[in-house]
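Encoded as structure tokens, the structure appears first; notes follow it.
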Amino acid sequence: MAVTKQNDRIPVIVGVGEYSDHPREIVAGLEPLALIVAALKRAEQDAGAKLLHEIDSLDIVNFLSWRYQDPAKQLSEQLGIAPKHAHYGPVGGESPIRFIHEAAKRIARGE
3 MAVTKQNDRI PVIVGVGEYS DHPREIVAGL EPLALIVAAL KRAEQDAGAK LLHEIDSLDI
63 VNFLSWRYQD PAKQLSEQLG IAPKHAHYGP VGGESPIRFI HEAAKRIARG E
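Its first residue numbered 3, the sequence shown is counted upward by one per residue in my numbering.
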């Protein structure tokens, strides 16, 4: 069996991050975008490389606990990025895996 060169459009997950906020007083809790930023920083650390500035596609799962005018834009501004694709999804339990699937398809297409 011959070894072939890997396609540079194969989607891979390079880092994962999770952040749980359990303050003693509820008012001390972080808002959703702050939690996302904390999780992204942990994912960047897990990847072992400074990658957040390279984000060019951003999908945010809908959260019912907090309302923002434009969460994708606000998160992009907090991270100092300007993604070509920025989307805040509808409510739906399948959203996280659907967003991963759609991102993988965009990578495979070279977008």
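No residue lacks a Cβ here, since even glycine has one placed at the ideal position from N, Cα and C.
Buried versus exposed, by CB contacts within 10 Å (16 or more), residue i
{"i": "E46", "result": "buried"}
{"i": "A30", "result": "exposed"}
{"i": "P73", "result": "buried"}
Within 8 Å, strictly: CB atoms of residue i and residue j
{"i": "L60", "j": "P98", "result": "no"}
{"i": "Y90", "j": "I62", "result": "yes"}
{"i": "Y21", "j": "L35", "result": "no"}
C-alpha distance - residue i paired with residue j, whole-angstrom precision
{"i": "L81", "j": "V39", "result": "8 Å"}
{"i": "A23", "j": "R100", "result": "The question names Ala, but residue 23 in the sequence shown is Asp. Cα to Cα, D23 sits roughly 25 Å from R100."}
{"i": "A49", "j": "G17", "result": "4 Å"}
{"i": "A110", "j": "E33", "result": "34 Å"}
Neighbour flag for residue i against chain B, beta carbons, 8 Å
{"i": "R69", "result": "Of the protein chains in the structure, only one exists, and it is not chain B."}
Sequence ranges, beta strand (DSSP E) only - wholly within the region 61-96, length at least 3: Runs of the beta strand (DSSP E) inside the region 61-96: 87-90.
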